[in-house]
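S.K.:
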Amino acid sequence: MIEILEAIQKSAIRIKNAIDVKDIGYSQEQNSSGETQLQLDIQSDLIIEEELSCVAGIHTIASEEKELPMVLNESGRIFVAFDPLDGSSLVDVNLSVGSIFGIYEGAFTGKKLIAACYVVYGPRVELVFAHEGKVKLYLLQDGEFEYVKQIHLEPKGKIMAPGGTQQFWAPYHKAMIDSFFATGYRLRYSGGMVPDLHQILLKGGGLFSYPGAADKPEGKLRQLFEVFPFALIFEMAGGQAMDGKIRVLDKTTAHVHDTSPCFFGSSYEIAVVLDVYGRN
Ligand code: P6P
Numbered sequence: 000m001i002e003i004l005e006a007i008q009k010s011a012i013r014i015k016n017a018i019d020v021k022d023i024g025y026s027q028e029q030n031s032s033g034e035t036q037l038q039l040d041i042q043s044d045l046i047i048e049e050e051l052s053c054v055a056g057i058h059t060i061a062s063e064e065k066e067l068p069m070v071l072n073e074s075g076r077i078f079v080a081f082d083p084l085d086g087s088s089l090v091d092v093n094l095s096v097g098s099i100f101g102i103y104e105g106a107f108t109g110k111k112l113i114a115a116c117y118v119v120y121g122p123r124v125e126l127v128f129a130h131e132g133k134v135k136l137y138l139l140q141d142g143e144f145e146y147v148k149q150i151h152l153e154p155k156g157k158i159m160a161p162g163g164t165q166q167f168w169a170p171y172h173k174a175m176i177d178s179f180f181a182t183g184y185r186l187r188y189s190g191g192m193v194p195d196l197h198q199i200l201l202k203g204g205g206l207f208s209y210p211g212a213a214d215k216p217e218g219k220l221r222q223l224f225e226v227f228p229f230a231l232i233f234e235m236a237g238g239q240a241m242d243g244k245i246r247v248l249d250k251t252t253a254h255v256h257d258t259s260p261c262f263f264g265s266s267y268e269i270a271v272v273l274d275v276y277g278r279n
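By numbering that gives the first Met the number 0, the letter at position 79 of the sequence shown is numbered 78, and the numbering carries on one by one without gaps.
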């Protein structure tokens, strides 16, 4: 596992350099979700592929920016799914973006997820790594990632990060979100999954939601690259991750780019979600 963490750290330093200097023009390509790819998306994807290719134990990698997974070493046991630069379009308005990694043993499925990691490229570059029940925060300083602390969620938070297009939300979802704000929760939503969830984790709790809705019944966020890694991180930090009814990591994945509605939060907020969704 340490070799994978080191490969991710090397990727993060190279991607940070690419963000700082690279033209953020659009390519002519689209990813498998039909989104026009930024040059940075493609550059970040190549960087991570190069660094992970140096790790002997990796069997297969899957990138949000590529239609199909890529076999690296048939004798490897580890499967790595990653979103190279999530929220990349936020770079051109100078907001934080991130890379997300799911580390699976033997197959790309929620139950086989053994570790998860993300990197936040913001005023500082920070990395969070969840493995064996611990969620550890690292800070990039002088070219090295220094360990800072372990992350724990409180039973109840104060932050609400409501994703999705409000006009398409189910009425009961809108009423639930409004009820949180009516009791003093603060709106913290940048449109970047990584910084939005990083803020909830570091501020001790709250709720990030990207529900199924009329325009996207299965949500927008991808299971393998985004939803499952953050689900593991939130659970290991003392929170929960549900799709509205069941535990996200218990879901089955039919296709590598499958999405899922998702709610990541402290136990109090998730209990409210389950009560509302259980009655509708
Ligand atoms: P919306 C960025 O494009 C992203 O994939 C996530 O980083 C983010 O949480 C979500 O989409 C934002 O989507 O529909 O709220 O703009």
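Where a beta carbon is used, it is the ideal one built from N, C-alpha and C, also for glycine. Remember, it's a predicted structure, so these values are computed and weren't measured experimentally.
First and last residue of the beta strand (DSSP E) that includes G97?
M.R.: Within the sequence shown, the letter at position 98 stands for residue 97. First-last of the beta strand (DSSP E) with G97: V96 to E104.
S.K.: Could you tell me if the beta carbon of Y117 falls within a distance shorter than 7 Å of some heavy atom in the ligand P6P?
M.R.: Taking the first residue of the sequence shown as position 1, residue 117 is located at position 118. No, since every heavy atom of the ligand P6P falls outside the 7 Å radius drawn around the Cβ of Y117.
S.K.: Counting pairs of beta carbons, one from the region 155 to 170 and one from the region 204 to 224, are three or more of them closer than 8 Å?
M.R.: Counting Cβ pairs under 8 Å, three or more are found: they touch.
S.K.: Can you list, in chain order, the residues of its chain whose CB lies under 7 Å from that of H151, leaving out five sequence neighbours each side?
M.R.: On the sequence shown, position 152 is the one that residue 151 refers to. A236 and G237.
S.K.: Could you check where the alpha helix (DSSP H) with L112 kicks off and where it finishes?
M.R.: Counted from its first residue, the sequence shown places residue 112 at position 113. From DSSP, L112 is part of no alpha helix (DSSP H) but of the beta strand (DSSP E) over L112 to Y120.
S.K.: Less than 7 Å between the CB of T258 and some heavy atom of the ligand P6P, yes or no?
M.R.: Locating residue 258 in the sequence shown gives position 259, counting from the first residue. No, since every heavy atom of the ligand P6P falls outside the 7 Å radius drawn around the Cβ of T258.
S.K.: Pick out whichever of I18, F227 and E225 has its Cα sitting closest to the Cα of Y120.
M.R.: Translated into the one-based positions of the sequence shown, residue 120 becomes position 121. Closest option to Y120, Cα to Cα, is I18.
S.K.: Does the separation of the CB atoms of P83 and E63 fall below 8 Å?
M.R.: In the sequence shown, residue 83 corresponds to position 84, counting from 1. In the sequence shown, residue 63 corresponds to position 64, counting from 1. Cβ distance < 8 Å, so P83 and E63 count as in contact.
S.K.: For the putative contact between S98 and V118, defined by C-beta atoms under 8 Å, what is the C-beta separation to the nearest angstrom?
M.R.: In the sequence shown, the residue the question calls residue 98 occupies position 99. In the sequence shown, the residue the question calls residue 118 occupies position 119. Their Cβ separation, rounded to whole angstroms, is 5 Å, which keeps S98 and V118 in contact under 8 Å.
S.K.: Measuring only from the beta carbon, is M159 closer than 7 Å to any heavy atom that is part of the ligand P6P?
M.R.: Position 160 of the sequence shown, counting from 1, holds the residue named residue 159. Checking the Cβ of M159 against the ligand P6P gives no.
S.K.: Apart from the five residues on each side of it in sequence, which residues of its chain come closer than 8 Å, Cβ to Cβ, to R123?
M.R.: Sequence index remark: in the sequence shown, residue 123 carries index 124 (1-based). Answer for R123: L138 and L139, listed in chain order.
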